[in-house]
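Just below is one structure, and these are the notes that go with it.
2 protein chains.
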Amino acid sequence: MSLPRIPDATVGRLPVYLRVLTDLDGAGVTTVSSEQLADLAGVNAAKVRKDLSYLGTYGTRGVGYGVDYLRFEISSRLGLATATGVAIVGLGNLGRALASHRGFADRGFPVVGLFDVDDAKVGTELAGVTIAHLDTLGAPDGPAVAIGVIATPAAVAQDVADRLVAAGVRAILDFAPTLISVPAGVTLRKVDLALELQVLSYYHHRDHALDADDPAAPSRSAPTR
Amino acid sequence: MSLPRIPDATVGRLPVYLRVLTDLDGAGVTTVSSEQLADLAGVNAAKVRKDLSYLGTYGTRGVGYGVDYLRFEISSRLGLATATGVAIVGLGNLGRALASHRGFADRGFPVVGLFDVDDAKVGTELAGVTIAHLDTLGAPDGPAVAIGVIATPAAVAQDVADRLVAAGVRAILDFAPTLISVPAGVTLRKVDLALELQVLSYYHHRDHALDADDPAAPSRSAPTR
DNA sequence: TAGATTGTTAATCGATTAACAATC
DNA sequence: TAGATTGTTAATCGATTAACAATC
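Residue numbers (my numbering), protein chains in the order written: chain A, -1 to 223; chain B, -1 to 223.
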């Protein structure tokens, strides 16, 4: 009765399919083929069918996939039905941008808590949420936090992670460029924006470094993740 | 005389090693073993040695790797010596955060251009750069842009990508959650913040959905990328 | 039935890892 | 020389892809 394991690579593509399906649904489309879905998601059709097969068999041969049904299935397997409140810790430039980012609430992750240690920020309001002091994280009268986002300087990221864990948060998205460790049972995912620029720099450099010497050098494309 | 191909997975880890090496250098450390580097980067030692072997043989058996030398090599292979100006298009919450993000300039990517279509924003200054109208992108008297960052709504992302390409930009980092296409020879990389939350949600849900039924269920950890 | 499209197989490709000979 | 640590091999594992039988 246990659900089949979904490969990591597939997990990373499910949100892309979900976004495409949501767009299709908004456009009134009710059925989609693996070929169409692949085009819209930027992958190939074999991969789409293989990925969706891990969810079960929700397509109809000769017809395609039901947009609504597939949306529901992916959403449910991603845990989006239960995932809710996001707390952002650290309201510097990045934290403030994330707090105001429409994309989060739009895709099922309302920002319910904002925390900082700067007294000049505590008490002020941002995107409809009042910034609280980090020391109040986990207080009984505080917001129900399902996911913690770390947007602090690297130097304090581990301390913030520890506080989030102590407050009962079991899923953390970390933007600080440093290694942090969390106990077993806590899910941690990292995003490093400068790293993305460096990786981009590598492929750009690789494909163009020799342009002056050899203008006819073939351009290979970088993986888009 | 051509450099050996570096696997994509390795390219994604080189910036992590570079960050660790920079920290070590700052702390006065001159030599590091694959074991130490692995610990600090959050991977295992075999992977570090394999990854570094693609750069050539810069270690010394029985001793380790020279911190300075390795930093230089990685930095050079990532193209960080030539990579320079970043232009950010779209100065909503995310774009403004990226423009003010210290991490970019700190790691070799100074923000030299800011572009938007909103006349209320054009002419104002942000992080020391005056916001210009998108129509002036690529103007002869404009900044030299090596990397373009798209931080606009999804609906206009393709148009912005086309304009960046027309202006001669050959490397694009795209934050808009939609599929965009660029001509061969242009390197595109995508970051989708809400997608990261959804992937996090999957692993969290998978590892905890059954907690109520089976509190002793083993917790598996999510890949941190 | 005929055409279309899924779901699955199997081959291929790329990434990871342990082990150890090479060598400082 | 003895101890330490790299660089590389080879086995294993996971991801991708084309092909096609199943079937709507």
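All residues carry an ideal CB built from backbone N, CA and C; glycine is no exception.
Chain A contact residues for residue i, given Cβ-Cβ distances below 7 Å
i              : result
V197 (chain B) : V9, G10, P13 and R187
I145 (chain B) : L195 and L198
Alpha-carbon spacing of residue i relative to residue j, whole angstroms
i              : j              : result
V110 (chain B) : T128 (chain B) : 9 Å
I4 (chain B)   : L76 (chain B)  : 11 Å
V9 (chain B)   : Y201 (chain A) : 9 Å
V180 (chain B) : P141 (chain A) : 43 Å
K45 (chain B)  : A25 (chain B)  : 24 Å
V27 (chain B)  : F70 (chain B)  : 15 Å
R204 (chain B) : L78 (chain B)  : 39 Å
S32 (chain B)  : D139 (chain B) : 47 Å
P2 (chain A)   : H206 (chain B) : 16 Å
A43 (chain A)  : A155 (chain B) : 24 Å
V143 (chain B) : R59 (chain B)  : 42 Å
A7 (chain B)   : G121 (chain A) : 44 Å
T82 (chain A)  : G136 (chain A) : 16 Å
G90 (chain B)  : R105 (chain A) : 18 Å
G126 (chain A) : K119 (chain A) : 14 Å
L35 (chain A)  : L22 (chain A)  : 10 Å
T134 (chain B) : V163 (chain B) : 14 Å
L68 (chain A)  : F102 (chain A) : 21 Å
T80 (chain B)  : T80 (chain A)  : 46 Å
D157 (chain A) : R47 (chain B)  : 31 Å
Contact under 8 Å by Cβ, residue i with residue j
i              : j              : result
G57 (chain B)  : Y63 (chain B)  : yes
H161 (chain A) : A95 (chain B)  : Position check: residue 161 (chain A) holds Arg in this sequence, whereas His was assumed. No, the pair does not count as a contact, with Cβ atoms beyond the cut-off.
S73 (chain B)  : L16 (chain B)  : yes
A39 (chain B)  : V18 (chain B)  : yes
Q196 (chain B) : P108 (chain A) : no
V30 (chain A)  : V65 (chain A)  : yes
L124 (chain A) : A97 (chain A)  : yes
R11 (chain A)  : D37 (chain A)  : no
L198 (chain A) : I178 (chain B) : no
Within chain B, partners of residue i - CB distance below 9 Å
i              : result
L177 (chain A) : V14, V18, D37, L38, A39 and G40
A192 (chain A) : P13, R17, H99, G101, F102, D104, R105, G106 and F107
Whole-number beta carbon distance between residue j and residue i, since they are thought to touch under 8 Å
i              : j              : result
I148 (chain A) : V84 (chain A)  : Going by Cβ atoms, the distance from I148 (chain A) to V84 (chain A) rounds to 12 Å, so no, they are not a contact pair.
H99 (chain A)  : L92 (chain B)  : 6 Å
A152 (chain A) : T176 (chain A) : 4 Å
T150 (chain B) : A174 (chain B) : 6 Å
Listed by chain order, chain A residues near residue i by CB distance under 8 Å
i              : result
G77 (chain B)  : S199, Y200, H202, H203, R204 and A207
A169 (chain B) : L198, S199, Y201 and H202
R94 (chain B)  : N91 and A95
| Any 3 or more C-beta pairs closer than 8 Å across the segment 182 to 193 of chain B and the segment 107 to 124 of chain B | no
| request: Kindly confirm or deny that the segment 152 to 169 of chain A and the segment 192 to 206 of chain A touch, where touching means at least three C-beta pairs closer than 8 Å. | output: no
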